[in-house]
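Report on the structure given below.
Numbering (this note's numbering), first residue to last: 1076 to 1667.
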């Protein structure tokens, strides 16, 4: 797939437009009406100009005028979340240290981590006394675009793997931040005193240490053995990633690692996940070895103790099967009034593997019951084409009565090639009655209506499957969604987009459609055999998309989230862009 991106205008063009708006006047005698942009109006627009842009661009905007510079200072120092300004913590420390030792002009460069070791405080030049440095710092600080001494909660990213050696790095980061943001930082550096108690002591300067917490907004790789990764609550981790493989397991202590049961069977060992309480994350990602070609994954089965961490609001399985027992409990536990879990990204369990390998587990008995299997060994034929199993499995979760879950994204199993679902009716019927779900992901389903014909090819001396997708007036397989009016956002698999657009015509509750790809689906050899001749949409499908864009009155946003394509359009404003996208990148190609 080609990368198709809508490019924003260069920031210099935006700045030039702003300058023109600021300098133009209203000419009543001419036909052209020029509008003068009031400074107050510009301040209101500033948040949008600074939203999710680079540090360099922020500096360019700040240099428009003195008043704008002050406004930018306030915005990026006190509205980090609003503008998504999350600097890397190591880069930021280098930027802060430039106050004392670098020329003021160096602050016009985007902070870059230099080779020097930031784990020890910088040395003070001999000709600087503590008083001279303090005066120099305070003089230059007011011109710094980031007013870091006034920030209480600093939102940053951390790009390293968090390991046992990393804990010392974090302690040094805390010391640096406390030292630099403290009003008496220069005397602390000059005296070489590193202790937190000294750094937190009172100061005669105007600037007192206001920094209370550093919150990491990106996913940090968790180390299960770190005793206190938060450094006594100073660092907060919104998101962590749990990873294990044949050499690394989620053991919370050496005692757990040397447990006999763990040594006997690490797949079925019941891990405590006590280490999660040290991080107290809001979101967790669960993954294992991601070699999709060989499916070399380590899919642990007894991970339900994750629910003992009461701060978790979102759980996402990436390169890892969701065990059926976890699948069931994640939805049942989120039904509790005390539960804080709002979002679940789950993969369908690998039912065949569980029946084959985990015969004595309670979850296997449930699967056999749902499949009406009297004894072990009949599962292969029973599971094929069993969309009913999915519906019955969700009914066991009692999801229709869940009162806390707002987002449920369902993906295909990692290691189960045959489990490609084409009918979502049974699953959706199990949801009827739910009153809190607003987002539903059905990327595990490939829903595309088509006519199949088999033609004999004399040249190949074999019968060839000819598949022709067809466009119907409506989608019956998604119709149960109409009875769940709270759902306003849907995720769908790419080849299913026509079916979902058809449903959006029938269901005015759907406002946002997100088209996604699952690498485990696109690496699936059976999926590829089905769709290798149909990697593009035919003319009828493109025409349907065109008609939908012209006639649609309810769907507001269409978002594409594929490997190399990230787009989000307002359907009412971006009709031409959407149609151009599908015609040029996924429309029928003429063979040369």
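Built from N, CA and C at the ideal position, the CB exists for glycine as well.
Checklist entry - When DSSP labels each residue in this structure, what does residue 1514 get in the three-state scheme? => result Against the chain shown, residue 1514 aligns to sequence position 439. Note: residue 1514 maps to strand in three-state DSSP.
Item to check | Cβ contact (3+ pairs, closer than 8 Å) linking the segment 1377-1396 and the segment 1298-1312 | outcome: no
Next on the checklist: Between which residues of its own chain and residue 1621 is the CB-CB distance below 6 Å, once the five residues before and five after are set aside?
Outcome noted: On the chain shown, position 546 is the one that residue 1621 refers to. The answer, listed in chain order, is 1654.
Item to check | Assigned exposure category for residue 1098 - 16 Cβ within 10 Å defines buried | outcome: By one-based count along the chain shown, residue 1098 stands at place 23. For residue 1098, the predicted model reports a pLDDT of 44, less than 50, meaning its position is unreliable; a value from the coordinates is still stated below. Residue 1098 comes out exposed.
Checklist entry - Could you give the C-beta distance for residue 1475 and residue 1499, rounded to a whole number, given that I count them as a contact under 8 Å? => result To locate residue 1475, count along the chain shown from 1; it is residue 400. To locate residue 1499, count along the chain shown from 1; it is residue 424. Not really, about 15 Å apart at Cβ, beyond 8 Å.
Next on the checklist: Quick check on the burial criterion: 16 or more other C-beta atoms within 10 angstroms. Buried or exposed for residue 1353?
Outcome noted: As a working note, residue 1353 is residue 278 in the chain shown. Answer is buried; the Cβ neighbour count reaches 16.
Item to check | Helix, strand or coil at residue 1418 according to DSSP, with G and I counted as helix | outcome: Residue 1418 sits at position 343 when you count from the first residue of the chain shown. Of the three classes helix, strand and coil, the one that applies to residue 1418 here is strand, per DSSP.
Item to check | Helix, strand or coil at residue 1575 [DSSP, three-state] | outcome: Position 500 of the chain shown holds residue 1575. Reduced to three states, the DSSP call for residue 1575 is helix.
Checklist entry - If you check the beta carbons only, do residue 1407 and residue 1473 fall under 9 Å apart? => result As a working note, residue 1407 is residue 332 in the chain shown. As a working note, residue 1473 is residue 398 in the chain shown. In this structure, residue 1473 lies closer than 9 Å to residue 1407 by Cβ.
Next on the checklist: Quick check on this structure: which residue in 1381, 1633, 1419 has the alpha carbon closest to the alpha carbon of residue 1348?
Outcome noted: If you number the chain shown from 1, residue 1348 lands on position 273. Looking at the Cα atoms, 1381 is the closest of the given residues.
Checklist entry - Beta-carbon separation of residue 1230 and residue 1156 under 9 Å? => result Locating residue 1230 in the chain shown gives position 155, where the first residue counts as 1. Locating residue 1156 in the chain shown gives position 81, where the first residue counts as 1. Yes, Cβ-Cβ distance for residue 1230 and residue 1156 is below 9 Å.
Next on the checklist: For a test of the three-state rule: what should DSSP assign to residue 1127, helix, strand or coil?
Outcome noted: The sequence position of residue 1127 within the chain shown is 52, counting from 1. In this structure, residue 1127 counts as coil in the three-state DSSP scheme.
Checklist entry - Does the beta-carbon of residue 1356 have 16 or more other beta-carbons within 10 angstroms, so that it is buried, or is it exposed? => result As a first step, residue 1356 is located in the chain shown; it is residue number 281 there, counting from the start. With 16 or more Cβ atoms within 10 Å of its Cβ, residue 1356 is classed as buried.
Checklist entry - The alpha helix (DSSP H) spanning residue 1570 covers which residue range? => result Translated into positions along the chain shown, residue 1570 becomes position 495. Where residue 1570 is concerned, there is no enclosing alpha helix (DSSP H), given that its DSSP letter is neither H nor E.
Next on the checklist: Measuring alpha carbon to alpha carbon, tell me which residue in 1232, 1304, 1172 is nearest residue 1253.
Outcome noted: Working through the chain shown from its first residue, we reach residue 1253 at position 178. Checking every option, the nearest Cα to that of residue 1253 belongs to 1172.
Checklist entry - Quick one: Cα of residue 1649 to Cα of residue 1568, how far? => result In the chain shown, counting from the first residue as 1, residue 1649 sits at position 574. In the chain shown, counting from the first residue as 1, residue 1568 sits at position 493. Straight-line Cα distance between these residues: approximately 22 Å.
Item to check | Among 1165, 1642, 1403, nearest to residue 1587 - alpha-carbon criterion | outcome: Here the question's residue 1587 lines up with position 512 in the chain shown. Checking every option, the nearest Cα to that of residue 1587 belongs to 1642.
Checklist entry - For residue 1046, which of 1117, 1518, 1647 has the nearest alpha-carbon? => result Residue 1046 lies beyond the range of the chain shown here (1076 to 1667); nothing can be said about it.
Checklist entry - DSSP state of residue 1476, grouped into three classes? => result Within the chain shown, the letter at position 401 stands for residue 1476. Residue 1476: helix per DSSP, three-state reduction.
Checklist entry - Counting contacts by CB-CB distance shorter than 9 Å, is residue 1630 in contact with chain B? => result You won't find chain B in this structure, because it holds only one protein chain.
Item to check | Extent of the continuous alpha helix (DSSP H) run through residue 1153 | outcome: Reading the chain shown from its first residue, position 78 is the one you call residue 1153. Note, residue 1153: alpha helix (DSSP H), 1141-1153.
Next on the checklist: I need the boundaries of the alpha helix (DSSP H) containing residue 1506, first residue and last residue.
Outcome noted: Position 431 of the chain shown holds residue 1506. Where residue 1506 is concerned, the enclosing alpha helix (DSSP H) stretches over 1500-1506.
Next on the checklist: When you compare the CB positions of residue 1399 and residue 1429, do they come within less than 9 Å of one another, or not?
Outcome noted: As a position in the chain shown, residue 1399 is number 324, starting the count at 1. As a position in the chain shown, residue 1429 is number 354, starting the count at 1. Yes, the Cβ-Cβ distance between residue 1399 and residue 1429 is below 9 Å.
Item to check | Beta-bridge partners of residue 1294, as assigned by DSSP | outcome: Taking the chain shown and counting its residues from 1, one reaches residue 1294 at position 219. In the DSSP output, where bridge partners are listed per residue, residue 1294 has 1314.
Checklist entry - Quick one: Cα of residue 1216 to Cα of residue 1222, how far? => result Position 141 of the chain shown, counting from 1, holds the residue named residue 1216. Position 147 of the chain shown, counting from 1, holds the residue named residue 1222. If you take the alpha carbons of residue 1216 and residue 1222, they lie about 7 Å apart.
Item to check | Residue span of the alpha helix (DSSP H) that contains residue 1622, given as start and end | outcome: To locate residue 1622, count along the chain shown from 1; it is residue 547. First-last of the alpha helix (DSSP H) with residue 1622: 1614-1626.
Next on the checklist: Please classify residue 1396 as buried or exposed, where buried requires at least 16 neighbouring CB atoms within 10 angstroms.
Outcome noted: Taking the chain shown and counting its residues from 1, the one referred to as residue 1396 is at position 321. The residue in question, residue 1396, is buried, as its Cβ has 16 or more Cβ neighbours within 10 Å.
Item to check | Pick from 1495, 1486, 1521 that is closest to residue 1669, judged by C-alpha positions | outcome: The chain is shown only over 1076 to 1667; residue 1669 falls outside these bounds and no answer can be derived.
Next on the checklist: Quick check on the DSSP output: the beta strand (DSSP E) that includes residue 1427 runs from which residue to which?
Outcome noted: For the purposes of this step, residue 1427 is identified with residue 352 of the chain shown, where counting begins at 1. Segment 1426-1432 is the alpha helix (DSSP H) holding residue 1427; no beta strand (DSSP E) there.
Item to check | Any non-hydrogen atom of the ligand SAM within 8 Å of residue 1634 CB | outcome: As far as ligands go, the structure on display features none, and thus does not contain the ligand SAM.
Item to check | Supposed contact pair residue 1513 and residue 1561 - C-beta distance, whole angstroms, cut 8 Å | outcome: As a first step, residue 1561 is located in the chain shown; it is residue number 486 there, counting from the start. As a first step, residue 1513 is located in the chain shown; it is residue number 438 there, counting from the start. Between residue 1513 and residue 1561 the Cβ distance is about 6 Å, and since that is below 8 Å, they are a contact.
Item to check | residue 1439 (DSSP reduced to helix, strand or coil) | outcome: As a working mapping, residue 1439 is identified with position 364 in the chain shown. Here residue 1439 sits in helix by DSSP.
Next on the checklist: Short of 7 Å in beta carbon distance, which residues of its chain neighbour residue 1657, apart from the five on each side in sequence? Order them along the chain.
Outcome noted: Looking up residue 1657 in the chain shown gives position 582. Cβ neighbours of residue 1657 beyond the five flanking positions: 1612, 1617, 1620.
Item to check | For residue 1360 and residue 1319, the rounded distance between their alpha carbons | outcome: If you number the chain shown from 1, residue 1319 lands on position 244. If you number the chain shown from 1, residue 1360 lands on position 285. C-alpha separation (whole angstroms): 12 Å.
Checklist entry - For residue 1584, which three-state DSSP category applies? => result The residue labelled residue 1584 in the question sits at position 509 within the chain shown. Note: residue 1584 maps to coil in three-state DSSP.
Checklist entry - Around the Cβ of residue 1287, are there at least 16 other Cβ atoms within 10 angstroms (buried) or fewer (exposed)? => result Working through the chain shown from its first residue, we reach residue 1287 at position 212. Exposed, by the Cβ-count rule.
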